[in-house]
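From first to last, the protein sequence lines are chains A and B. Anchor point for the first sequence: position 319 equals 1576 in the working numbering, and the numbering is continuous, going up by one each time. Anchor point for the second sequence: position 70 equals 89 in the working numbering, and the numbering is continuous, going up by one each time.
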Amino acid sequence: MVGTDPRGALIAELDRPLVLTAAASLPSSAKAYRTVADANARRTARAKQAQQQAKKQQVAATPVMSEDQMQAQGAEKDAAEMAAKQAAEAVPDPGRPIYLQEAKLRTEAALVADIGFAERLVWFWSNHFCVSANRIQSMSGAYEREAVRAHALGRLVDLLLAVEGHPAMLVYLDNLESMGANSTAGINRSRGLNENFAREIMELHTLGVRTGYTQDDVISFANVLTGWTLVPPGADPQHGGEFIFKPRLHEPGGQTVLGKRYEQEDAEQGRAVLRDLAAHPATATHIATKLARHFVADEPPPALVAQMAKTFRETEGDLKQVAIAMVSSDEAWRAPPSKLKRPGEWVIGMVRATGITVVDPVPYTAGQQLLGEALWRPSAPKGYPDDEASWIDGVGRRLDVANYFAERIADTADPQTIIEDVFASEIAAEVKQAVGRAESRQQALALLFMSADFQRR
Amino acid sequence: MGFVDHLPTRRELLVGSGALFAWSQMPRLARAEGRDPRLLVIVLRGALDGLGAVAPVGDPDWISLRGDRALVLDGKTPALPLDSFFALNPAMPNLHRLYKTGKASIVHAAATPYRERSHFDGQDVLESGLAKPGMTGSGWLNRALVALEAGGRVDPRGSRALGIGSVTPLVVRGSAPVMTWVPQKLLPASADTQSRLLDLYQHTDPKLATVLQARMKLASLDGAMASGDPMSDDPTLAPPGIARVRAYFAEAAGTAARYLAKPDGPRVGAMGFVGWDTHIAEGAASGQLYNLLGALDGAFAAIESNMGEVWHETVIAVVTEFGRTARINGTQGTDHGTGAVAFLIGGALAGGRVIADWPGLKPAQLFEDRDLMPTTDLRAVLKGLLRDHLRVEEKVLAEAVFPGSADVKPMESLVG
Chain A
1258 MVGTDPRGAL IAELDRPLVL TAAASLPSSA KAYRTVADAN ARRTARAKQA QQQAKKQQVA
1318 ATPVMSEDQM QAQGAEKDAA EMAAKQAAEA VPDPGRPIYL QEAKLRTEAA LVADIGFAER
1378 LVWFWSNHFC VSANRIQSMS GAYEREAVRA HALGRLVDLL LAVEGHPAML VYLDNLESMG
1438 ANSTAGINRS RGLNENFARE IMELHTLGVR TGYTQDDVIS FANVLTGWTL VPPGADPQHG
1498 GEFIFKPRLH EPGGQTVLGK RYEQEDAEQG RAVLRDLAAH PATATHIATK LARHFVADEP
1558 PPALVAQMAK TFRETEGDLK QVAIAMVSSD EAWRAPPSKL KRPGEWVIGM VRATGITVVD
1618 PVPYTAGQQL LGEALWRPSA PKGYPDDEAS WIDGVGRRLD VANYFAERIA DTADPQTIIE
1678 DVFASEIAAE VKQAVGRAES RQQALALLFM SADFQRR
Chain B
20 MGFVDHLPTR RELLVGSGAL FAWSQMPRLA RAEGRDPRLL VIVLRGALDG LGAVAPVGDP
80 DWISLRGDRA LVLDGKTPAL PLDSFFALNP AMPNLHRLYK TGKASIVHAA ATPYRERSHF
140 DGQDVLESGL AKPGMTGSGW LNRALVALEA GGRVDPRGSR ALGIGSVTPL VVRGSAPVMT
200 WVPQKLLPAS ADTQSRLLDL YQHTDPKLAT VLQARMKLAS LDGAMASGDP MSDDPTLAPP
260 GIARVRAYFA EAAGTAARYL AKPDGPRVGA MGFVGWDTHI AEGAASGQLY NLLGALDGAF
320 AAIESNMGEV WHETVIAVVT EFGRTARING TQGTDHGTGA VAFLIGGALA GGRVIADWPG
380 LKPAQLFEDR DLMPTTDLRA VLKGLLRDHL RVEEKVLAEA VFPGSADVKP MESLVG
């Protein structure tokens, strides 16, 4: 497939559509959100009902309260709460099955991809613009499909507008309740701004930390973004969970961000700032550095980063062209394979090597969690790190997973075939020898999957 | 038809395993004379060092052969005497107790017909029951079941074969349906796999070597400190110390016993334990091999206890693909050899014996001047068990179960 022209093959893969056709049956993020909200509402109702019934029964059983019974009241209250809890738990959470189904499709897309470069770009951008399933499980997969996948090979500005306007991001970065101090809602409710969303957009998503923006810029931008929220899921069975701009929450008047005045009155104000952030030179450097760090080296060659940033600026942030610039650069290919794969990449590499294309998402996502890279669950908006120091101590844990996987596939996977098919026999002689001398096929496979050739790229 | 109530249900197995599960209709197994025999085969993959497990302490050449690595009766951890000539590795007090009460036998200097030194081929011959590797996809235990069914001496209640592990051992694969159960615990990579990987990293990636070394250090601490209940360890998070290996062996073997003990459960089963390929730092008296044998001894205890009332109808055959070199190699381990040891345990045995036509340990007495000379055909032992315990006909054993073995007579009087 890769043949004699690896760069050409990588670039050719970027011309194919990135759609997940199998996802047609999955709910949109808004629909998933409504489904979970409905379940939560039912759960609350059941809990209340159960609590009330428990209390009624207690009252009926004790028409006149003695002192002892007064003392026992505490225990009765606990019993009522217990009944409420049980009633609530009887309503299943539809968020998890949705998450698992999304995880399955995403993983299988990576397994069947010819080369996987395009899928890895999706993964990269999904991590760069991460949300967390710990906060918003039902939407995490649909968010990636709707906002990231749709624009991963397009222009950064479109990707940026899509992710920052996505309900999952607005939930994740606490913008739903952010309101201008002088907005109608702000005045009436004596509440105000949440800076988180604006800060992370500038620090993590676009310009990068310490690139010259000030606290005032953050506050102004946060004001700009007030009113970016979502339709309450219970309010509208058709559009609940979708993006909406609410003027009632929006800080009136113009704002100055990075020295530029934005006088627009509605969501266009925020879109205008985002467009300028996407085109900012600091963003070009930030994006180029992160991409090169992910794909090439922890400390990427400065010339490569400069070339990618230049391409970014010259193409108005065309991410496909930036990716092409990266794989076309000799700098990217010169260094020996020293990049330690992240757990997610390593597992996919291992499964791909065996030809397996269908996964059970329950153990698969459990394995990812075990390896420290739970799918769509980074611990902070910065996403999962890309440097070796963050991951290398987990290599021992990888051995458990490799050993387990090797046992399960020892019957059908041949280590020699993998060496030929995956590495075209270009693998360290020591690895070949270790595989050849292994006590069992399981051991041979585990050693192969754990070899530096398999861990690094 | 009350027996149906006793079947392990599909759900029960799924709950227990959450994994691959396969069975179709039930094969039938002979239960002659009103007995209801059980046979469990445990394959030790990687080649157990028989001399490190059962030492010929009475052989005048023993000490000179192994030097300070030789198990002895007056060592720091004294070997457990079996008779005037052999002594058992001190890691196996359970096996010693069983032996002393006539419920265990040991066959020494035994081997399959395989005389090369490839693990894969060796295991293939051991489990297929054929004289050469790569000849068939079925195992002798499964073919024995098929033969029993075809022979008509069947119990109408039926029964089936059990495979433990996510890959069904070849010995029990074949046309008779096999049900499989996969242990819940994540078996850590064996000490051997870890040291091989460390060696690989040391030659290819020093950074990864450092990390792995730190982990192995941690794991050895875990082994030293493992005083609590290893079963309660979180198998996903604990370092891969011997405590986890012990827990895995006990869980796998104990579960096999529970299924075999069920009134209408399977009657034969097979499982494999890995990690016996002790090329480096074998540690028979204290170390790698000692720890593994201890874990195996724990598995025996789990089987005995879970078999409960049917222990007296049980035989467990513990076999390995070949032995190891008689001498210690340059890295305080042993390399692939020939003559090996087999453990037979169970309440149905007429045990308390070490069965060996002892070849001696002088250089000229060793196979190719390096391995313990095999003097007993392992097939004779297995045929003896199949004939006298399960009642498989001798002719069938010679033709279908171990094809071409007519001149290998079943060993007499193994079971009581």
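Built from N, CA and C at the ideal position, the CB exists for glycine as well. Note that the coordinates shown come from a computational prediction; the quantities given were computed from them, not determined experimentally.
* To do: For A/E1588, I'd like the list of residues in its chain whose CB is within less than 7 Å of its CB, leaving aside the five on either flank, ordered along the chain.
  => In the first sequence, the residue the question calls residue 1588 of chain A occupies position 331. Closer than 7 Å at the Cβ level, and outside the excluded window around A/E1588, lie P1558, A1560, L1561.
* To do: Indicate whether at least one CB of chain B lies closer than 7 Å to the CB of A/I1676.
  => Here the question's residue 1676 of chain A lines up with position 419 in the first sequence. Not an interface residue.
* **Identity of the residues DSSP links to B/A74 by a beta bridge** => On the second sequence, position 55 is the one that residue 74 of chain B refers to. According to DSSP, B/A74 bridges with B/A106.
* Which value, in whole angstroms, describes the spacing of the CA atoms of B/D500 and B/A130? -> Examination of residue 500 of chain B is not possible in this model, given that chain B is present from 20 through 435 alone.
* To do: Step through the CB atoms of chain B and report whether any lies within less than 7 Å of the CB of A/V1652.
  => Indexing the first sequence from 1 puts residue 1652 of chain A at position 395. Closer than 7 Å to some Cβ of chain B, the Cβ of A/V1652 qualifies, so yes.
* Asked: Do the CB positions of B/D396 and B/V415 come within less than 7 Å of each other?
  -> Reading the second sequence from its first residue, position 377 is the one you call residue 396 of chain B. Reading the second sequence from its first residue, position 396 is the one you call residue 415 of chain B. Taking 7 Å as the Cβ cut-off, B/D396 and B/V415 do not qualify as a contacting pair.
* Given that a residue counts as buried once 16 or more other Cβ atoms are within 10 Å of its Cβ, and exposed if not, what is A/P1672? -> Within the first sequence, the letter at position 415 stands for residue 1672 of chain A. The residue in question, A/P1672, is buried, as its Cβ has 16 or more Cβ neighbours within 10 Å.
* What separation, rounded to the nearest whole angstrom, lies between the Cα atoms of B/K122 and B/G284? -> Walking along the second sequence from the start, residue 122 of chain B turns up at place 103. Walking along the second sequence from the start, residue 284 of chain B turns up at place 265. B/K122 and B/G284: Cα-Cα distance of roughly 23 Å.
* **Residue interval of the beta strand (DSSP E) (run including A/Q1512)** => In the first sequence, the residue the question calls residue 1512 of chain A occupies position 255. It spans 1512-1514 - the beta strand (DSSP E) in which A/Q1512 sits, taken as one unbroken run.
* Asked: Between A/Y1519 and A/Q1512, what straight-line distance do the alpha-carbon atoms span, to the nearest angstrom?
  -> As a first step, residue 1519 of chain A is located in the first sequence; it is residue number 262 there, counting from the start. As a first step, residue 1512 of chain A is located in the first sequence; it is residue number 255 there, counting from the start. Distance between the alpha carbons of A/Y1519 and A/Q1512: 5 Å.
* Asked: Would you say B/R64 faces chain A, with C-beta separation under 7 Å as the test?
  -> Taking the second sequence and counting its residues from 1, the one referred to as residue 64 of chain B is at position 45. With 7 Å as the cut-off, B/R64 counts as an interface residue toward chain A.
* Asked: Can you tell which of A/E1525, A/L1417, A/M1583, A/P1538 has the C-alpha that lies nearest to the C-alpha of A/F1552?
  -> Here residue 1552 of chain A corresponds to residue number 295 of the first sequence, with the count starting at 1. Taking only the C-alpha atoms, the option nearest A/F1552 is A/M1583.
* To do: Would you kindly work out how many angstroms separate the C-alpha atoms of B/S91 and B/R134, rounded to a whole number?
  => To locate residue 91 of chain B, count along the second sequence from 1; it is residue 72. To locate residue 134 of chain B, count along the second sequence from 1; it is residue 115. Sequence inspection shows Val at residue 91 of chain B; the Ser mentioned does not correspond to that position. The straight-line gap from Cα to Cα measures roughly 29 Å.
* To do: Flag A/A1691 as yes if its beta-carbon sits less than 7 Å from any beta-carbon of chain B, otherwise no.
  => For this step, residue 1691 of chain A is matched to residue 434 along the first sequence. Yes, contact with chain B.
* Compare the beta carbon distance of B/G65 and B/W330 with 7 Å and say whether it is the shorter of the two. => Taking the second sequence and counting its residues from 1, one reaches residue 65 of chain B at position 46. Taking the second sequence and counting its residues from 1, one reaches residue 330 of chain B at position 311. Their beta carbons are not under 7 Å apart, which means B/G65 does not touch B/W330 by this criterion.
* **Beta carbon of A/T1542 nearer than 7 Å to that of A/L1464** => Residue 1542 of chain A sits at position 285 when you count from the first residue of the first sequence. Residue 1464 of chain A sits at position 207 when you count from the first residue of the first sequence. Cβ atoms of A/T1542 and A/L1464: not closer than 7 Å.
* **Selection from B/A228, B/V334, B/V230 that minimises the alpha carbon distance to B/A280** => Counting from one through the second sequence, the residue named residue 280 of chain B turns up at place 261. For the residues B/A228, B/V334, B/V230, the minimum Cα distance to B/A280 belongs to B/V334.
* Asked: Going straight from the alpha carbon of A/G1469 to that of A/P1489, what length do you get?
  -> Residue 1469 of chain A sits at position 212 when you count from the first residue of the first sequence. Residue 1489 of chain A sits at position 232 when you count from the first residue of the first sequence. Using only the alpha carbons, I get a separation of about 37 Å.
* Asked: Can you give the Cα-Cα distance for B/F104 and B/A208, rounded to whole angstroms?
  -> In the second sequence, residue 104 of chain B corresponds to position 85, counting from 1. In the second sequence, residue 208 of chain B corresponds to position 189, counting from 1. So the two alpha carbons sit approximately 36 Å from each other.
* 7 Å Cβ cutoff, B/D55 in contact with chain A -> Sequence index remark: in the second sequence, residue 55 of chain B carries index 36 (1-based). Closer than 7 Å: no.
* At a cut of 8 Å, does the stretch 137-149 of chain B reach the stretch 356-369 of chain B through at least three beta carbon pairs? -> no
* Give the secondary structure of B/A89 by DSSP, where H, G and I count as helix, E and B as strand, and everything else as coil. => If you number the second sequence from 1, residue 89 of chain B lands on position 70. In the structure shown, B/A89 sits in coil (DSSP, three-state: anything other than H, G, I, E or B).
* Report yes or no: is there a C-beta of chain B within less than 7 Å of the C-beta of A/M1707? => Here residue 1707 of chain A refers to the residue found at position 450 of the first sequence. So, interface residue.
* To do: Would you list, in chain order, the members of the stretch 1631-1661 of chain A that have their beta-carbon closer than 9 Å to a beta-carbon of chain B?
  => E1645, I1649, D1650, G1651, V1652, G1653, R1654, L1656, D1657, V1658, A1659, N1660, Y1661
* Asked: Using a beta-carbon distance below 7 Å, is B/A271 in contact with chain A?
  -> By 1-based counting over the second sequence, the position of residue 271 of chain B is 252. No, B/A271 does not count as interfacial toward chain A.
* How close, in whole Å, do the beta carbons of B/E128 and B/D376 come, if the pair is a contact with beta carbons under 8 Å? -> Stepping through the second sequence from its first residue, residue 128 of chain B is reached at position 109. Stepping through the second sequence from its first residue, residue 376 of chain B is reached at position 357. The question names Glu, but residue 128 of chain B is Ala in the sequence shown. That belief holds up - the Cβ atoms of B/A128 and B/D376 are roughly 7 Å apart, short of 8 Å.
* Please list the partners that A/A1685 has in chain B, where partner means a Cβ-to-Cβ separation under 7 Å. => Stepping through the first sequence from its first residue, residue 1685 of chain A is reached at position 428. Residues of chain B passing the Cβ test: T223.
* **Alpha carbon of B/V230 to alpha carbon of A/E1645, nearest angstrom** => The residue labelled residue 230 of chain B in the question sits at position 211 within the second sequence. The residue labelled residue 1645 of chain A in the question sits at position 388 within the first sequence. Rounded to whole angstroms, B/V230 to A/E1645 spans 12 Å at the Cα level.
* To do: Give a yes or no on whether 7 Å exceeds the smallest Cβ distance from B/L189 to chain A.
  => As a working mapping, residue 189 of chain B is identified with position 170 in the second sequence. No, because no Cβ of chain A sits closer than 7 Å to the Cβ of B/L189.
* Asked: For the stretch 1466-1501 of chain A, which segments carrying the beta strand (DSSP E) assignment without a break, of at least 3 residues, lie completely within its bounds, in sequence order?
  -> 1485-1487
* Using Cβ-Cβ distances below 8 Å, what residues of the stretch 403-417 of chain B are close to chain A? -> none
* Give the straight-line distance between the Cα atoms of B/L145 and A/V1616, rounded to the nearest whole angstrom. => Taking the second sequence and counting its residues from 1, the one referred to as residue 145 of chain B is at position 126. Taking the first sequence and counting its residues from 1, the one referred to as residue 1616 of chain A is at position 359. Going by the C-alpha atoms only, they are around 34 Å apart.
* To do: Find the residues of chain B that neighbour A/V1688, judging by a C-beta separation of less than 9 Å, and give them in chain order.
  => Stepping through the first sequence from its first residue, residue 1688 of chain A is reached at position 431. In chain order: L219, T223.
* So is the beta-carbon of B/R116 under 6 Å away from any non-hydrogen atom of the ligand ATP? -> Among the components of this structure there are no ligands whatsoever, and the ligand ATP is therefore not found.
* For B/G288, three-class secondary structure by DSSP -> In the second sequence, residue 288 of chain B corresponds to position 269, counting from 1. B/G288: strand per DSSP, three-state reduction.
* Please report how far the alpha carbon of A/L1275 lies from the alpha carbon of A/H1462, in whole angstroms. => Reading the first sequence from its first residue, position 18 is the one you call residue 1275 of chain A. Reading the first sequence from its first residue, position 205 is the one you call residue 1462 of chain A. Their Cα atoms are separated by approximately 22 Å.
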